[in-house]
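What follows is a single structure, written as structure tokens, with notes after it.
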Amino acid sequence: PADHWRTEFTSRQMSADVIEDYSYPADDDAARNNRYILDTEVPGVGNVRTLGFPLYMTDTPAELRRAAPEVGQDTNEVLRELAGLRDDEIASLRSRKVLA
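Numbered per our numbering, the sequence shown spans residues 196 to 295.
Structure below.
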């Protein structure tokens, strides 16, 4: 199957390759230099390797501004803003173990 898809993509002048070893992108110097793989500091965790940016635009360069939120970090805000719940309703859900 991999050869089939490589042929399909390249015949349409689309860049394609097969990754047979999952450590390859993370350990590849070119991938790091092109910022496809980034290392970022996550509070309470330390250094975390993450996917970077597949495109580079000189006028609007991409940047990693912050790490992903911790599990549950934004739950109250989401429930207030998107579900319209009040703080007492959220507290009730927590007390009944509906939320962690």
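Ideal Cβ placement from N, Cα and C applies to all residues, glycine included. Note that the coordinates shown come from a computational prediction; the quantities given were computed from them, not determined experimentally.
* Between the CA atoms of L233 and F248 - distance to the nearest angstrom -> As a first step, residue 248 must be located in the sequence shown, where it is residue number 53. As a first step, residue 233 must be located in the sequence shown, where it is residue number 38. Using only the alpha carbons, I get a separation of about 9 Å.
**Item:** Spatial distance of I285 from N242 (CA atoms)
**Value:** The residue given as residue 285 occupies position 90 in the sequence shown. The residue given as residue 242 occupies position 47 in the sequence shown. One C-alpha to the other measures close to 33 Å.
R281 versus R227 - alpha carbon distance: Sequence index remark: in the sequence shown, residue 281 carries index 86 (1-based). Sequence index remark: in the sequence shown, residue 227 carries index 32 (1-based). About 45 Å.
Nearest-angstrom beta carbon gap, A221 and V237 [assumed within contact, 8 Å]: Working through the sequence shown from its first residue, we reach residue 237 at position 42. Working through the sequence shown from its first residue, we reach residue 221 at position 26. About 16 Å separates the two Cβ atoms, so there is no contact after all.
**Item:** Through-space distance from L294 to V213, alpha-carbon basis
**Value:** To locate residue 213, count along the sequence shown from 1; it is residue 18. To locate residue 294, count along the sequence shown from 1; it is residue 99. Between the C-alpha atoms of V213 and L294 there is a straight-line separation of about 42 Å.
For the alpha helix (DSSP H) that contains L274, what are its first and last residues? Position 79 of the sequence shown holds residue 274. Segment T270 to E276, the alpha helix (DSSP H) holding L274.
- Message: Let me make sure I understand the geometry here. Which of Y231, E215, V240 and F204 has the alpha-carbon closest to that of L250?
- Response: Reading the sequence shown from its first residue, position 55 is the one you call residue 250. The residue with the shortest Cα to Cα distance from L250 is Y231.
Can you check which of these residues, L246, V240 and N271, is closest to A257 by C-alpha distance? As a first step, residue 257 is located in the sequence shown; it is residue number 62 there, counting from the start. The candidate whose alpha carbon is nearest that of A257 is L246.
Exercise. For N228, name the three-state secondary structure that DSSP assigns.
Key: Counting from one through the sequence shown, the residue named residue 228 turns up at place 33. It is helical.
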